[in-house]
Amino acid sequence: MITESDNTAATEVRDIVGNGALQALANRVGMTHFATAQIWGETQITARDQTRLFLHIDGYIARRHRAYAMRLLASVVPSQRWGIGEVAPRGWKLYFKGGWGYGTGLLDHQVALLVRGCTRVSVAVLTMYDGSHTYGKATLRGIFSRLLRGFPRPNRTSRRPPRAIMYPAGE
Numbered sequence: 002m003i004t005e006s007d008n009t010a011a012t013e014v015r016d017i018v019g020n021g022a023l024q025a026l027a028n029r030v031g032m033t034h035f036a037t038a039q040i041w042g043e044t045q046i047t048a049r050d051q052t053r054l055f056l057h058i059d060g061y062i063a064r065r066h067r068a069y070a071m072r073l074l075a076s077v078v079p080s081q082r083w084g085i086g087e088v089a090p091r092g093w094k095l096y097f098k099g100g101w102g103y104g105t106g107l108l109d110h111q112v113a114l115l116v117r118g119c120t121r122v123s124v125a126v127l128t129m130y131d132g133s134h135t136y137g138k139a140t141l142r143g144i145f146s147r148l149l150r151g152f153p154r155p156n157r158t159s160r161r162p163p164r165a166i167m168y169p170a171g172e
């Protein structure tokens, strides 16, 4: 469900924890426009909400599962490593998840956390009415490529406190 999208597995997890638990997490994160739906493609979310979640996603995962969950987000299968998975800047650790579907129109979304040294950057791009999944993937690749062009290269030995940056796009 993480390394390779699987709506059936995601639905099973949602049915176990319940929409209330998802909403409670959204509230804890500070998400302001999150609403669940029966069909994943109809779930309400904004790029800003996604970046808020991913900026500190490891902090919302139980300690005993944290390393495993982050490994999954860093190991998306090659066939689903489009968009940011193709253009992430070298030297940064990439953790990301994408979604696509036909719920309310052709959509392609991606959210990511990039980490290098003490710097964490969260980015999200949400598209809708793409015409085709191929077009949506190309759109994400183009937007992320422009967004991350000239990306800062923090000093690995920096002793500064961690810095966090959010780049929501597509709102």
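In our numbering, the protein residues as written are 2 to 172. Every residue, glycine too, gets a C-beta built ideally from N, C-alpha and C. Owing to the predicted nature of the structure, the values given are computational and were not obtained by experimental measurement.
Taking C-alpha positions only, Leu-141 is separated from Asp-109 by approximately 8 Å.
The C-beta separation of Trp-93 from Leu-115 comes to about 4 Å, placing the pair in contact by the 8 Å criterion. For the 7 Å CB-CB criterion, Leu-107 and Ile-3 do not form a contact. In the structure shown, the three-state DSSP call for His-110 is strand. Val-88 places its beta carbon 7 Å or farther from that of Ser-6. For Val-30, the CB contacts under 6 Å within the same chain, skipping 5 residues up- and downstream, are Arg-53 and Leu-54 in chain order. Here the alpha carbon of Phe-35 sits roughly 7 Å from the alpha carbon of Gln-24. Separation of the CB atoms of Asn-20 and Thr-44 is rounded to 10 Å, and the pair is thereby denied contact status at 8 Å.
Under DSSP, the beta-bridge partners assigned to Phe-97 are Ala-113. Rounded to the nearest angstrom, the gap between the Cα atoms of His-134 and Ile-17 is 30 Å. One Cα belongs to Tyr-130, the other to Gly-42, and the distance between them is close to 12 Å. Put simply, the backbone Cα of Met-32 is about 17 Å away from that of Val-122. If one requires a minimum length of 4 residues, the alpha helix (DSSP H) runs lying completely within the segment 16-53 are 20-30, in chain order.
Among the bridge pairs identified by DSSP, Gly-102 is matched with Leu-108.
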